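Trainee: The structure under discussion is supplied below as structure tokens; questions concerning it will follow.
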Amino acid sequence: PLYLPVDEDHPIDPGSPYGVSKHTFEHYLHLYSALYGLKYTALRYSNVYGPRQDYSGEAGVIAIFISRMLSNDDLTINGDGEQIRDYIYVDDVVDANVKALGGGDGEILNIGTGRGISVNTVFVKLKEMSGYRKDALPAPLPLGDLRKIYLDNRKAKTSLGWQPKTSFEEGLVKTVQWFNSPAENPLL
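Quick note on numbering: full-length UniProt numbering labels position 76 of the sequence shown as 76, and the sequence is numbered without any gaps.
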């Protein structure tokens, strides 16, 4: 990014196919609005985490770390681990979506906490919560991976009356509890 926190007017220059696919959707919304009068509000999420998150893919570092820690499997950290992300708890994202249902004025809104947290910090906090004793193994940083990003959520606060309510630590506790609960987690 050219500046932080990233607001909705920040120039968009995706560095990966995933980033291109996310931005392409906004172009489709704009086109359908022009052609068919579709009313929309687009929400740009930061890094969403929480119960039921898939841990089997490349994305979702919190779910991946928790799953590996609770299984006592080795885990890797890409690069030096000082990559900064804006982690937002899933309940806060749901709340933003519900509030956006009354919109439809063509706005694009950032849904994040406005706070950057390093991957190393995520690892240390989850290690403490889970009792994991291993160190993370180093792995190369994927091509196109951003060094640092967190979102400016002021427009969502103003437009929707929304703001995140769940602290990072509280969200981690809830997520670890879900992964540990046989009654909740069908994977156990």
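Think of the CB as a built atom: it goes at the ideal place given N, C-alpha and C, for glycine as much as any other residue. From a predicted model like this one, the values you see are computed outputs, not experimental measurements.
Less than 8 Å separating the beta-carbons of residue 195 and residue 17?
Mentor: Because the chain is modelled from 1 through 188, residue 195 falls outside the range shown and cannot be assessed.
Trainee: Opposite residue 42 in the DSSP bridges: which residues?
Mentor: 108
Trainee: Does the contact criterion of 3 or more C-beta pairs under 8 Å hold for the region 105–118 versus the region 142–162?
Mentor: yes
Trainee: Give the secondary structure of residue 136 by DSSP, where H, G and I count as helix, E and B as strand, and everything else as coil.
Mentor: coil
Trainee: Can you check which of these residues, 63, 19, 78, is closest to residue 45 by C-alpha distance?
Mentor: 19
Trainee: Just checking, does the region 112–119 make contact with the region 49–59 on the three C-beta pairs under 8 Å criterion?
Mentor: no
Trainee: Can you confirm whether the region 116–135 touches the region 61–80 when touching is taken to mean that 3 or more C-beta pairs between the two stretches lie within less than 8 Å?
Mentor: yes
Trainee: For residue 148, write down the residues that DSSP places opposite it in a beta bridge.
Mentor: 84
Trainee: For residue 118, which beta-bridge partners are listed by DSSP?
Mentor: 84
Trainee: Suppose the cutoff is 7 Å on Cβ atoms and the five residues either side in sequence are ignored; what does the same chain contact list for residue 93 look like?
Mentor: Closer than 7 Å at the Cβ level, and outside the excluded window around residue 93, lie 45, 48, 111.
Trainee: Return helix, strand or coil for residue 32, following the three-state DSSP convention.
Mentor: helix
Trainee: With H, G and I counted as helix, E and B as strand and the rest as coil, what does DSSP make of residue 89?
Mentor: strand
Trainee: Our contact map puts residue 51 next to residue 178 with C-beta atoms below 8 Å; I'd like the distance itself, whole angstroms only.
Mentor: 4 Å
Trainee: Starting from residue 180, trace the alpha helix (DSSP H) in both directions and tell me its first and last residue.
Mentor: 168–180
Trainee: Counting C-beta neighbours from all protein chains within 10 Å, is the total for residue 190 16 or more, i.e. buried, or is it exposed?
Mentor: Given a span of 1 to 188 for the chain in the structure shown, any question on residue 190 remains unanswerable.
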